[in-house]
Each structure stands twice: as structure tokens, then as C-alpha cells.
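The structure under discussion appears below in the form of C-alpha cells.
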Amino acid sequence: MDVMTKIPVREQDAKVRATNFEEVCLGYNQEEAMCEASRCINCKNAQCVKGCPVAIDIPAFIHEVKEGNIEKAYQIISEASALPAVCGRVCPQESQCEGKCIRGIKGDPISIGKLERFVADWARENGIKPQGATEKKGKKVAVIGSGPAGLTCAGDLAKAGYDVTIFEALHEAGGVLVYGIPEFRLPKEAVVAKEIENVKSLGVKIETNVVIGKSVTIDELMEKEGFSAVFIGSGAGLPKFMGIPGENSNGVFSANEYLTRSNLMKAFNPASPTPIMRGKKVAVVGGGNVAMDAARTALRLGAEVHIVYRRSEEELPARVEEVHHAKEEGIIFDLLTNPTEIIADEKGWVTGMKCIKMELGEPDESGRRRPVEVPGSEFVMELDTVIMSLGTSPNPLISSTTEGLETNKWKCIIADEENGKTTKEGVYAGGDAVTGAATVILAMGAGKAAAKGIDEYLSK
Amino acid sequence: MYKILKKQELTTNIYLMDVEAPRVAERCLPGQFVIVRMDKDAARIPLTICDYDRKAGTITIVFQTVGAGTTMMAELSEGDCFHDFVGPLGCPSELVKEDLESLKKKNILFVAGGVGTAPVYPQVKWLHENGVAADVIMGSKTKDLLILEKEMEAVAGNLYVTTDDGSYGRSGMVTQVIKDLVAEGKKYDVCIAIGPMIMMKFVCLLTKELEIPTIVSLNPIMVDGTGMCGACRVTVGGKVKFACVDGPEFDGHQVNFDEAMRRQTIYRTEEGRAMLALQEGDTHHGGCGNCN
Chain V
70 MDVMTKIPVR EQDAKVRATN FEEVCLGYNQ EEAMCEASRC INCKNAQCVK GCPVAIDIPA
130 FIHEVKEGNI EKAYQIISEA SALPAVCGRV CPQESQCEGK CIRGIKGDPI SIGKLERFVA
190 DWARENGIKP QGATEKKGKK VAVIGSGPAG LTCAGDLAKA GYDVTIFEAL HEAGGVLVYG
250 IPEFRLPKEA VVAKEIENVK SLGVKIETNV VIGKSVTIDE LMEKEGFSAV FIGSGAGLPK
310 FMGIPGENSN GVFSANEYLT RSNLMKAFNP ASPTPIMRGK KVAVVGGGNV AMDAARTALR
370 LGAEVHIVYR RSEEELPARV EEVHHAKEEG IIFDLLTNPT EIIADEKGWV TGMKCIKMEL
430 GEPDESGRRR PVEVPGSEFV MELDTVIMSL GTSPNPLISS TTEGLETNKW KCIIADEENG
490 KTTKEGVYAG GDAVTGAATV ILAMGAGKAA AKGIDEYLSK
Chain U
8 MYKILKKQEL TTNIYLMDVE APRVAERCLP GQFVIVRMDK DAARIPLTIC DYDRKAGTIT
68 IVFQTVGAGT TMMAELSEGD CFHDFVGPLG CPSELVKEDL ESLKKKNILF VAGGVGTAPV
128 YPQVKWLHEN GVAADVIMGS KTKDLLILEK EMEAVAGNLY VTTDDGSYGR SGMVTQVIKD
188 LVAEGKKYDV CIAIGPMIMM KFVCLLTKEL EIPTIVSLNP IMVDGTGMCG ACRVTVGGKV
248 KFACVDGPEF DGHQVNFDEA MRRQTIYRTE EGRAMLALQE GDTHHGGCGN CN
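Listed in order, the protein sequences are those of chains V and U.
The opening position of the first sequence corresponds to residue 70 in the working numbering, with each subsequent residue numbered one higher.
The opening position of the second sequence corresponds to residue 8 in the working numbering, with each subsequent residue numbered one higher.
If you want it as C-alpha cells, here you go:
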């Protein structure tokens, strides 16, 4: 084998997978994983670890894979990560661990994500569980939200011996892993539910159907229900719309709504009682991972799908792999294009979208070149469905009902990056509620930091 | 799991249930709503809170069987459980936040249409318990569809019942009763109208003319009910609002009812098909173009 080249991972054929909701990537088998692991040069000063928001001891676990000690590899990973089967699938490895891999300078970086996935899947198939706490601390901690930040924080606190209860607003635990990321990228029953079972096996309790700020407040949890500390990992919040004419027409949805219907409510399955619009021609406005997920869902529901994004391909915020997969499956990218109006028929149903062509001007404050309109380039795209994937703004439910919890000018909860500490004593926060919409792994990193912060606070 | 302690068929196709939900009962206020799922595969159905008992930890819901989901829900019996029951969602009614003394000086009119009587009831009851007597107009298509008349009578100042077909009480639409009452010399400082969207629209058109500020409670399509999906967006005063977190109550004179009614029909075809499949049961063998 060529040590410069990574072992390719098996995938469902693009034409086939464009018509089903089965997982796209099939993952490594043990032979492939051991072979890929043998390419790792086991750097002393491993850069990959520095690129990992939860600092998994990557060279150590890869070494165990190379030796065929998969269970040992799993225990190494699970010391740092509560959700390895998830991270192996959805982390943007190219800008994190793999982006820093020394092998990547001259050849392909080690496929760290695929190896992590293999180890986690192997552990699940062989019934290996993460190791729980040996001593109890006798203190209760409440975790708000059962997404990646909450699950990680809860898992770490349980391992440290705390009595942890997660409160989830929806009827099912998992947060964005359940309502946001589609089945074909992250299987719900086979992967997410099992990872949550693992967290529960550490002693974490999950109470669903509790909307903090409505069903009960943080102050009540601390004063009446005996929680000594609280972690807020409530996620991103309210979907943004463009504010252009016609946006409330029938057939315009937020990506959050569209994906929640398909993922959480299983509307992709015709047997689900929750309906979803099965458009013939769909435009997804936006260029992030959520936009790719919405586009690839619409494609699988039978539509011709266009991604409409106002900047160029280089600025697409989505992971490279998602863009690549979307293109393979036949998603059409209308780049440097910005919608200006949604057109509807007399009954209010979408029939088209007026757009204008853009070109890139001077860099803006984000460092990306600012898109500017090309005069006279307006045109109309005929379509029946528009999905707005423009990000979210924070949900004020918790900040407005918690005395002393401060937010910044974007209405995100203010929390210390090091330890998750907020402006309210005993209350910690992390993930999208603090940073605005980001990634699963960054939320996990924040959950991990907050667990450490809470442990220090309660050990005082 | 959320146990059904009491079930009653109020009238044809309208059911009342007392459900054990201590967290919701502890904090809910008039004007708020819940979302329920009858089993682990069911759709999320938003329902307004009709009554609550903080001591017993129960919530009273009232629903009409309009689609497949509510029809199956009506099959549940006392002792059965809802799989999910979340709330209280949305903002409480403005009334409960107002100063009681100033409330007592106000002439308040409630207009309840059909199953909209259920969410009106806890507001009138709350006012009654706080020493405020409000007038209530209750309207339904026909006598057999009237609900909660006795309960409402016990808490309302004056109760005016009307049926569209004249089979009971006054005859005609609720808007006619408003006109009649005002013609009789009644003066109202505020009107709260809850019922079918079309009723609320016409009440608002009238009360705008009569210069009576009017609050309505909207029931658009929702998924999560916590602000996450934006399915429930409505235009109020030219601005987009999410009914689940900004409402469900809004200034009725500012609501774009035509848009709201149009948006309620988004899934009508799918809902119709689901109902058909449920009605036909085992005899439904496709042919509708959507089933296998």
C-alpha cells in the first residue's frame, strides 16, 4: 500500500442513495481500519489532538486500532468523548484533527474521523459500554437540553460521580442530532439512540417534555428541586428569514421546520402522521451544513433541488464532504445568487423566486469577500418550494426567565469559554446558546469545559 | 406518561379530558397551550388549556375530532396515557398580567365560537375568581354543538348564547349578537374573541368599526411549539411573529387573517388523505396515488 494515500471508505452509490434515506457512508471494516491506522506515524507532539475540541488522545487510540485492540481504543476515546459514533460521522475533521495531521502535508491525512467511527460502531456492536463513576458525589446537577453540549456535559459529570438530570423540551432526547441531522448522515435508531443509551448507562436521567422557562425555571430547579448547579445547553433557537416579500407564502419553510418534520417526526416515511411538503422543484437558500441537509432531504423526497447562495463556492460554510456528497447526488448549485422576492399564485402558493446575480467585492468584517448585486441581472426561478436556511437567532425563553443571567448584544448567553461560567452563580452554559449556530463538536467541547467548571465549583 | 383521569364526550365529536401533568398544572395560566402526542409514533397536536387544578396536578383539554390524529385520540379511555404532554407553552393572556383594580373597572366581552369556548373558559373563570364579571357570547352552528354552557354560566357576568340555525338561544352569528348588545346600549372596553379563524376575522372587522380593542388567540400549524421551527409565523401589524412564543394572543385588529387562514391549509391534502386512510381502515388499498 501507498502510505501517502488514505484507505478509501465505502459509500452507497450516489444514484442509489439519492432515492433512499439509508446512511451514505458505510464506514471501514476492521481490516481497512487497521490498514489505515498503520499509516499513523504516532507523532510525539501530536498536532491532531490540538485540533480536537474535546482533545481525544488520537495517536493512542489509533495505535490500539493498528494492534487490533479495538475495545482499548474505545476506552481511550470515551475518556474524552461521550458521542464518538456521532463525531466520527459529523465532525468537520478537515478543519480540525485531520487538518493538522502531519501526514497531510505531503499526502492524505489519516482518516481520523472514519477510524473513530469504526471504533465506536465496533464497541456498540460488541456491547461495550463506557465506564461509569465508582464514587458518588451526592450532589444534583441539572442539564438543560439533550443535544451534543448537554449529553457531553451530563456524561462527564456522571463519570465524576454527580447525580445528573437532563431536561429536554421535545419528546425525544438528542437535540440537533435527532431533529436536525438527517438519517442518511446520522442514523437515529442505530447510532444516536445507542449513544444516548450509553450516557444513560452512566446514571444520567432524562426528563423529556420539559420546557425550561415555561414548565419550570432555573431558579425553581435550584431553589425547590435541589439542584446545586445547572448547565444550559439549550441550542440555537429561532430560525431567521430574509424579510423579503412573499416569504409567508404557502411553500416557504425554515430549514428547521423542514428537517424537524423529516427527522424528528419521520415525515420522510409516508406512514408518518406528520406531513411534509414533497415539492417538485425546491430552492434551498443558504450554504451551511443545514442547507445541505435540507437540500439532500428534498432530493430524496423526489425534488429537483437548487442551493441558492449569495457568495461563491469557496465561501460555502458547509463541510467539504457534505458539498461533495450533495453534488454527487445531483443537487444544483446556483452560486452568487440572492433571492429578492417570493412569487405566489392567487391562492398564496409559491410559483417562483425572483433572484439577482451577485459578484464578490471587497472583504467584509468576516474576512470573506462581500457579495454585491450585479445591476440588471434579476431573473425568476420557477419552483414550488423554498427552504430558508439562514441560521438562527437565540431563543429568549431561558434568558428572559432567569434572574441574573446576562446575554450579549446578539442575545446569546454570556459564558466563560474556559469553564462555561455565566453571570449567575452555579449556572453554566455552552454550545449554540452561547456561540450562536456552530458545530456538534464545538458544542461538545463547551459541554466538556462546563462539566469541568461545574466540578470545580461544586468541589470548593 | 400522562394519565387520563377523566374523559367525557361533551357533544358529538367534541371531547373533554383531565390529564395528569403536574409540571404543566403547577405553572400554567389562562391563554397558554400544550402539545400532546398520544403514542410514540403520533404527530404533535397543539391544544389550548381549558382548565387546570394545581392541587390535583391535572390539566383539562377539550378537542374536536377534525383529522386522523384527533379522531384516534378520541379513542383513548380513562386510565390510558398520553405518551407526551408538554407545556405550558405560549404567553399567558394579557388580562392576567393587568392590575386587578383597573380590570374591575373595565367592561370585558368574550366571544367564544365552537370549540373556542374551551380556551375562553379559563380566562372568564380566572376573572370571576378575582372578582371581575365579564360578559360572554357563545356561538355554535347548532344546539347540539354547544359545549360548556353550564360551566360558563357559573363564571360569566352575562352569558349570551346564539346558534347559527336558531335551534337554541339567540339566532345568528356572534357578530350579530355584538351588534345587538351595543345597540342595546352596552359599552365594552375590550373584547377577547376565540374561535375559528373566519369568526375571529369578522369579529375583528366589526369591533374595529365599533372601536373596541380586540384580542384574538391564533391556532396556526405548529411543530415544536417552542419557537424552533417557524411554521406558526403570522403577520401582525406588518411584522412576522411566531404564534408559539410571541402569542398565541395578538391584537386582532393587526392580524393578517387572510394569510393566516391560507397558511392553515398547507397540509390539507395530506391531512385529508390521512383521514381517508383511517376511515377506510383495512379497506384502503391505495389508489389515491400516494399509498403502497
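We put the CB at the ideal spot given by N, CA and C, even for glycine.
These numbers come from a predicted model, not from an experiment.
Between the segment 24 to 36 of chain U and the segment 493 to 511 of chain V there are fewer than three inter-stretch CB-CB distances shorter than 8 angstroms, so the stretches are not counted as touching.
At the C-beta level, L405 (chain V) and P432 (chain V) stay beyond 9 angstroms of one another. Contact between L153 (chain U) and T65 (chain U) does not hold, since their C-beta atoms are separated by about 24 angstroms, which reaches or exceeds 8 angstroms. Counting C-beta pairs with one atom in each stretch, the segment 164 to 178 of chain V and the segment 197 to 205 of chain V have fewer than three that are closer than 8 angstroms, which means they do not touch. Under the three-state reduction of DSSP, E472 (chain V) is assigned to coil, being neither helix nor strand. Near chain U, meaning a CB-to-CB distance below 9 angstroms, the residues of the segment 315 to 327 of chain V are E316, N317, S318, N319, G320, F322, S323, N325, E326 and Y327. Close to Y274 (chain U), with beta-carbon spacing below 7 angstroms, are these residues of chain V in chain order: P344. The continuous alpha helix (DSSP H) containing D265 (chain U) extends over residues F264 to Q271. Within a 10 Å sphere around the beta-carbon of S435 (chain V) sit fewer than 16 other beta-carbons, which makes this residue exposed. Looking at the DSSP output, F253 (chain V) bridges to nothing.
Around I219 (chain U), the same chain offers Y195 and C198 as residues with beta carbons nearer than 6 angstroms, after the five sequence neighbours per side are excluded. Taking C-beta separations shorter than 8 angstroms and ignoring five residues to either side along the sequence, the partners of V247 (chain U) in its chain run R240 and V241, following chain order. When only Cα atoms are considered, S323 (chain V) and M457 (chain V) end up about 5 angstroms apart. Leaving aside the five residues that flank A106 (chain V) on each side, the residues in its chain whose CB is nearer than 7 angstroms to its CB run, in chain order, I131, V134, K135 and L184. For H90 (chain U), DSSP assigns no beta-bridge partner whatsoever. Distance from the CA atom of M291 (chain V) to the CA atom of G207 (chain V), rounded to whole angstroms, is 15 angstroms. Nearest CB-CB separation between D91 (chain U) and chain V: below the 9 angstroms threshold. Residues of chain U whose Cβ lies closer than 8 angstroms to the Cβ of A238 (chain V) are, in chain order, V93, D231 and T233. Short of 8 angstroms from the beta carbon of V299 (chain V), and not among the five residues preceding or following it, lie these beta carbons of its own chain, in chain order: V210, A211, V212, I213, I287, L290, M291, G495, V496 and Y497.
Listed by position along chain U, the residues whose Cβ is nearer than 9 angstroms to that of R369 (chain V) form an empty set, because the closest Cβ is around 16 angstroms away. For the segment 24 to 57 of chain U, the full-length alpha helix (DSSP H) segments reaching 4 residues or more read 29 to 34 along the chain. Inter-segment contact for the segment 506 to 522 of chain V and the segment 91 to 105 of chain U is absent: fewer than three beta-carbon pairs are separated by less than 8 angstroms. Any Cβ of chain V closer than 9 angstroms to the Cβ of V252 (chain U) would place that residue at the interface, and such an atom is present. Contact of P217 (chain V) with chain U is not assigned, every C-beta pair being separated by 9 angstroms or more.
Contact between G164 (chain U) and A140 (chain U) holds: CB atoms are separated by about 3 angstroms, below the 8 angstroms threshold.
Proximity of the segment 324 to 335 of chain V to the segment 238 to 255 of chain V meets the contact definition, three or more beta-carbon pairs being nearer than 8 angstroms. Annotated as distal: G201 (chain V) and L246 (chain V), with beta-carbon spacing of 9 angstroms or more. By the Cβ criterion, the segment 458 to 475 of chain V is not in contact with the segment 403 to 420 of chain V, since fewer than three pairs of Cβ atoms, one from each stretch, lie closer than 8 angstroms. Under the DSSP assignment, K478 (chain V) falls outside any alpha helix (DSSP H); it carries neither an H nor an E label.
Around the beta-carbon of T233 (chain U), 16 or more other beta-carbon atoms lie within 10 Å, marking it buried. At a beta-carbon threshold of 7 angstroms, none of the residues of chain V lie near C88 (chain U); the nearest stands roughly 13 angstroms away.
If you draw a straight line from the Cα of I145 (chain V) to the Cα of A189 (chain V), it is about 11 angstroms long. Classified as buried, W133 (chain U) has 16 or more neighbouring CB atoms from the shown chains inside 10 Å of its CB. Taking 9 angstroms as the cut-off, the beta carbon of R269 (chain U) is found closer than this to the beta carbon of N319 (chain V). For P408 (chain V), not one C-beta of chain U is nearer than 9 angstroms to its own C-beta. Residue state for F322 (chain V) is assigned as strand, using DSSP reduced to three classes.
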